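Residue 179 in my numbering sits at position 46 of the sequence shown, and the numbers go up by one each step.
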Amino acid sequence: MRCIPALVFFTASTIFAQTPEPGTLPEHWPTGGPQCMEMQEFYIHQYNPNFYILRQSGCTDYEKPFLYLIFGADKAMLWDTGSRNARVREAVDRLMDRWLKANSRAGIPLVVVHSHKHGDHIAGDKQFADRPDTTLVQPDVAPVKAFFGFGTWPEEIRTFDLGGRVMDIIPIPGHSDDSIALYDRRTAILLTGDTVYPGRLYVNVNDFPAFRKSLHRLASFIDGKPVAHVLGNHIEQTSTPFTDYPTGTKYQPEEHELALSAAHVFELDRVLQSMTAPKQVALRDMSIAPRTPK
Ligand SMILES: [Zn+2]
Ligand SMILES: [Zn+2]
Numbered sequence: 134m135r136c137i138p139a140l141v142f143f144t145a146s147t148i149f150a151q152t153p154e155p156g157t158l159p160e161h162w163p164t165g166g167p168q169c170m171e172m173q174e175f176y177i178h179q180y181n182p183n184f185y186i187l188r189q190s191g192c193t194d195y196e197k198p199f200l201y202l203i204f205g206a207d208k209a210m211l212w213d214t215g216s217r218n219a220r221v222r223e224a225v226d227r228l229m230d231r232w233l234k235a236n237s238r239a240g241i242p243l244v245v246v247h248s249h250k251h252g253d254h255i256a257g258d259k260q261f262a263d264r265p266d267t268t269l270v271q272p273d274v275a276p277v278k279a280f281f282g283f284g285t286w287p288e289e290i291r292t293f294d295l296g297g298r299v300m301d302i303i304p305i306p307g308h309s310d311d312s313i314a315l316y317d318r319r320t321a322i323l324l325t326g327d328t329v330y331p332g333r334l335y336v337n338v339n340d341f342p343a344f345r346k347s348l349h350r351l352a353s354f355i356d357g358k359p360v361a362h363v364l365g366n367h368i369e370q371t372s373t374p375f376t377d378y379p380t381g382t383k384y385q386p387e388e389h390e391l392a393l394s395a396a397h398v399f400e401l402d403r404v405l406q407s408m409t410a411p412k413q414v415a416l417r418d419m420s421i422a423p424r425t426p427k
């Protein structure tokens, strides 16, 4: 009996050490309109004081991607620079200025990385080319490998520390050969780019084996870890199960929520492992969309 208090103490402290930093997500995001003249190019949401989500307006480009800005003690990290027709540098600078004032800091270096190299996530890169105290990691396999120090790709998982904030970088080629996922240990948020999100998960039929393996590695990585949310780059799904908006839709008043969960990654892995050849599959909250190159 004497050992029980010690056991209780140990269990409580262990749980505390693993509790992710909380945050909130909006139920609905602005999409694109209906009144475009009223909309900001980027809508900014504070998940918590050190984790921000930016959504590009569908009035600027129907892709309306999500971007993420995360602060550590030593560095800030911007995940993607958005699609065409938007002043992303202006939005990021304004947000960083506010964060610096709120934290009584004079400055903080910025690292710009990408979920992958497709145009709707790198279009704003040139706006950061002359930004002081900024490192822009070029979007492609070789520079990503070099920056994070990967030896083997895509099997290895590397860490990157923003200062008291360790992120795991997981290569997940398939949608694009340079796709990565990022696991933020502080919030237990998993960023998955265009590989897992509520919408059409496009994959070139020739890259299907890589996509399948990547999902399996991602599922194995999160197995047993806390996952608060799985956050991707787009929303194309409607709030009606198995239904998506047509490609090119700007205004989506009934869109699916942004967040998926670990269960969605496990579901996707299960479905992919059972497939012997790439085929179109509609799941409740997303679809697998193989494409044959033209
Ligand atoms: Zn993409
Ligand atoms: Zn995309």
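Using N, Cα and C, we set each Cβ at its ideal position, and we do this for glycine too.
In this text the structure is predicted, and so the values were computed from the model without any measurement.
With 16 as the cutoff for other CB atoms within 10 Å, does residue i come out buried or exposed?
i: A314; result: buried
i: N181; result: exposed
i: T409; result: exposed
i: G284; result: exposed
i: P331; result: buried
i: D340; result: buried
i: T320; result: buried
i: V141; result: The pLDDT assigned to V141 is 41, lower than 50, so where the model puts this residue is not dependable; a value taken from the coordinates is nonetheless given after this. When all chains shown are included, V141 counts as exposed.
i: A500; result: Since the first residue of the chain shown is 134 and the last is 427, residue 500 is not available in this structure.
i: K197; result: buried
i: M229; result: buried
i: T425; result: exposed
i: E171; result: exposed
i: N236; result: exposed
i: D402; result: buried
i: P379; result: exposed
i: P386; result: exposed
i: P163; result: buried
Would you kindly check if the distance between the Cβ of residue j and the Cβ of residue i is under 8 Å?
i: I322; j: L364; result: yes
i: D301; j: H249; result: no
i: G205; j: R298; result: yes
i: F175; j: L158; result: no
i: H367; j: D327; result: yes
i: H362; j: A392; result: yes
i: S347; j: I290; result: no
i: L351; j: V398; result: yes
i: D377; j: S420; result: yes
i: H251; j: S309; result: yes
i: G165; j: Y384; result: yes
i: P390; j: T371; result: Residue 390 is actually Glu in this sequence, not Pro. No, they are not a contact pair.
i: F375; j: I303; result: no
i: K278; j: V244; result: no
i: L324; j: Y201; result: yes
Which residues does DSSP list as the beta-bridge partners of residue i?
i: Q173; result: Q173 is not bridged to any residue.
i: H251; result: Partner(s): none; H251 has no beta bridge.
i: L401; result: Per DSSP, none; premise fails for L401.
i: Y201; result: I186, W212
i: T371; result: E388
i: Q179; result: Y185
i: V270; result: The partner list for V270 (beta bridge, DSSP) is empty, contrary to what the question assumes.
i: D294; result: V299
i: Y330; result: According to DSSP, Y330 bridges with nothing at all.
i: I322; result: D317, H362
i: P423; result: V336
i: P304; result: I313
i: V414; result: I421
i: D377; result: Q370
i: L243; result: A209, T267
Using CA atoms only, rank isn't needed, just tell me which of the options is closest to residue i.
i: G429; options: H247, P265, A396, Q260; result: The displayed coordinates of the chain run from 134 to 427. Any statement about residue 429 would go beyond what the structure contains.
i: Q179; options: W232, T214, P153; result: W232
i: F344; options: P163, G307, T380, S353; result: G307
i: Y316; options: F283, I203, S372, K208; result: I203
i: K259; options: P153, T214, E160, M210; result: T214
i: K358; options: L211, F199, S394; result: S394
i: T373; options: T152, P423, L416, P167; result: L416
i: L269; options: A235, W212, P426; result: W212
i: T382; options: E160, H161, D194; result: D194
i: A224; options: P242, A235, I177; result: I177
i: P242; options: F199, V277, M210; result: M210
i: P167; options: C192, H161, Y185; result: C192
i: T152; options: M170, E400, V360, L324; result: V360
i: F293; options: F199, V246, T267; result: V246
i: E369; options: P342, K234, T267, A422; result: A422
i: E154; options: Q413, F199, N183; result: N183
i: T267; options: P163, D226, G282, K234; result: D226
i: A396; options: Q413, P287, D356, V414; result: D356
i: P287; options: P342, K234, H161; result: P342
i: V329; options: H161, F280, F199; result: F199
Examine ligand 3 and report whether any of its heavy atoms sits within less than 7 Å of the Cβ of residue i.
i: S407; result: Among the ligands present in this structure, namely ligand 1 and ligand 2, ligand 3 is not found.
### Segment contact, 8 Å Cβ cut-off, at least three pairs: the segment 212-227 with the segment 328-340
no
### Task
Would you check if there are 3 or more beta carbon pairs closer than 8 Å linking the segment 251-262 to the segment 273-291?
no
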